[in-house]
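Inspection log for the structure reproduced underneath, given as structure tokens.
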Amino acid sequence: MFIRTIVTLTILAGVIGRSTAVISHHHHRRCLGDFHTRLADWASSGEDVPTIADGWDSRAMEMNSRIHSASRYVVSAVPNLATSISLSENNKRDVVSISGKRGLAFNNATLANLFGASCSNCSWGYNWGSSSRGLNSRYSYVPMLWSDDASLTSQWDRDAEIAISSGASSMFSFNEPDNVGQANMLPQAAAAAHIKYLNKYGGRVKIGAPAVTNSVKPGEGIQWLEHFLNACGGQCHVDFCNVHWYAPAEDVDNLFEHLEKAHEACAGKPVWLTEFAPVSGDIQGFLRQVIPKLESMDYVEAYSYFMVALDSLMSSASTLSSFGEVYAALPA
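Numbered by mature numbering (1 follows the signal peptide of the UniProt record, and there is no 0), the letters in the sequence shown go through residues -21 to -1, 1 to 311 in order.
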């Protein structure tokens, strides 16, 4: 039990103060007021201090920012950097990656396990945090170091070792460092932190580059990824690149252009699409069009729709939504 001392109040104040800037991608329907209510509940409960990246919801703010700017959904040519990208190679042993491409992006492990029971092709999952929080062991859990915030790095090695000992074969670097509403890191700082916190696991698991958005604003999206790799100077251990995508369903070609640009920026390494969803349009039709192609693309190693949650892949705590059924049922 966490001892209630002045340290408790200090931690609580720090978490509240960072809530709008550091909280992870948790599902977009709750308001920030609920975050403060749940912190107050914790303060009198006797439970261990919660991590910033586990259990709090800020996705509405990010989704609103994405929808607000139409330029985010327009692909434009991003100039290649005048640099030779040399990504670190595995030098310890071959690592077996996930058994299938389709994954579960979740906050609530109970919902993820329930959804997964209907999704025979779902083989892995992640929750923007470093602890699986009860995800069924049939899925390969992928821990993420959401940012280089001290509250996360202080527990990263412990959680990473637990995940690896439980069978994890991959891990994710920072979450949308190109987005001011998410990890919000400069490429140089992200490269230094990746080397410090992620490189040590190279050869034991596959390591992803920081997950970037599909923004086409200067210094964001694929351009941020290029700047990150340039800042690495060949010293970052990167086995695959990690991207997100949000746009209207009819802009499906934009998705595959985004994946191709990521593949090129990543020097031909595999690509994981770990968040994607239409912001408007026919979601079922979109999934029926997109998933077969994702399954057929050699360099797309994994994908996960955003997300296993109410008002998304679930319509209730026990029922899949109409497009959740499509995501679960489409063949691999």
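Think of the CB as a built atom: it goes at the ideal place given N, C-alpha and C, for glycine as much as any other residue. All of these numbers come straight from a predicted model, not from anything done at the bench.
Are residue i and residue j close, meaning C-beta to C-beta below 7 angstroms?
| i | j | result |
| --- | --- | --- |
| S119 | W103 | yes |
| P189 | F153 | yes |
| residue 313 | L114 | Look at the range of the chain in this structure, -21 to 311, and you will see that residue 313 is not part of it. |
| A170 | A129 | no |
| G260 | A296 | no |
| V231 | L266 | no |
| S126 | A162 | yes |
| S97 | A307 | yes |
| A172 | L204 | no |
| G79 | N106 | no |
| R112 | A88 | yes |
Report the CB separation of residue i from residue j in whole angstroms; it is logged as a contact under 8 angstroms.
| i | j | result |
| --- | --- | --- |
| G187 | D157 | In fact, because the Cβ distance is near 15 angstroms, the residues do not count as touching under 8 angstroms. |
| W251 | A281 | 5 angstroms |
| V222 | H206 | Contact doesn't hold; Cβ gap of about 15 angstroms is too wide. |
| S300 | L83 | With a Cβ gap of about 14 angstroms, S300 and L83 do not count as contacting. |
| Y278 | A256 | Not a contact, Cβ separation roughly 21 angstroms. |
| I262 | F302 | 4 angstroms |
| P197 | F219 | P197 to F219, Cβ: 25 angstroms. No contact. |
| I270 | Q214 | Wrong, their Cβ atoms sit about 36 angstroms apart, outside the cutoff. |
| M286 | F85 | 6 angstroms |
Shortest alpha-carbon distance to residue i belongs to which of the options?
| i | options | result |
| --- | --- | --- |
| A311 | G303, A281 and E274 | E274 |
| V217 | A228, P197 and G182 | G182 |
| L165 | A147, N178, S145 and V191 | V191 |
| A139 | V184, S126 and D230 | V184 |
| T132 | S116, G95 and S109 | S109 |
| N193 | M293, R137, A246 and T253 | T253 |
| G264 | E155, S148, L309 and F151 | L309 |
| N178 | M150, G160 and G247 | M150 |
| M293 | G95, Y176 and Q202 | G95 |
| K272 | S291, D290 and E239 | E239 |
| L208 | G146, E155, L93 and A246 | A246 |
| S144 | G160, Y180 and Q268 | Y180 |
| S148 | V258, Y176 and I77 | I77 |
| E155 | D290, V258, Q202 and R137 | Q202 |
| R137 | A241, G160 and Y176 | Y176 |
| V258 | S291, A241 and V159 | S291 |
Considering just the uninterrupted stretch of the alpha helix (DSSP H) at residue i, what are its terminal residues?
| i | result |
| --- | --- |
| L83 | It is not in any alpha helix (DSSP H) - L83 instead sits in the beta strand (DSSP E) that spans R81 to A84. |
| A210 | G200 to C211 |
| G95 | A88 to G95 |
| I262 | I262 to S275 |
| Y306 | S301 to A308 |
Kindly indicate the opening and closing residues of the beta strand (DSSP E) around residue i.
| i | result |
| --- | --- |
| G104 | C101 to Y105 |
| V279 | V279 to Y282 |
| S295 | M293 to S295 |
Does any residue of chain E bring its CB to less than 7 angstroms from the CB of residue i?
| i | result |
| --- | --- |
| C101 | The chain labelled as chain E is not found in the depicted structure, where only one protein chain is given. |
For the region 216 to 249, list the alpha helix (DSSP H) runs that are entirely contained and at least 4 residues long, ordered along the chain.
If one requires a minimum length of 4 residues, the alpha helix (DSSP H) runs lying completely within the region 216 to 249 are 231 to 244, in chain order.
Length at least 4, wholly inside the region 115 to 171: the alpha helix (DSSP H) runs in chain order
If we require 4 residues or more, the alpha helix (DSSP H) runs fully inside the region 115 to 171 come out as 129 to 144.
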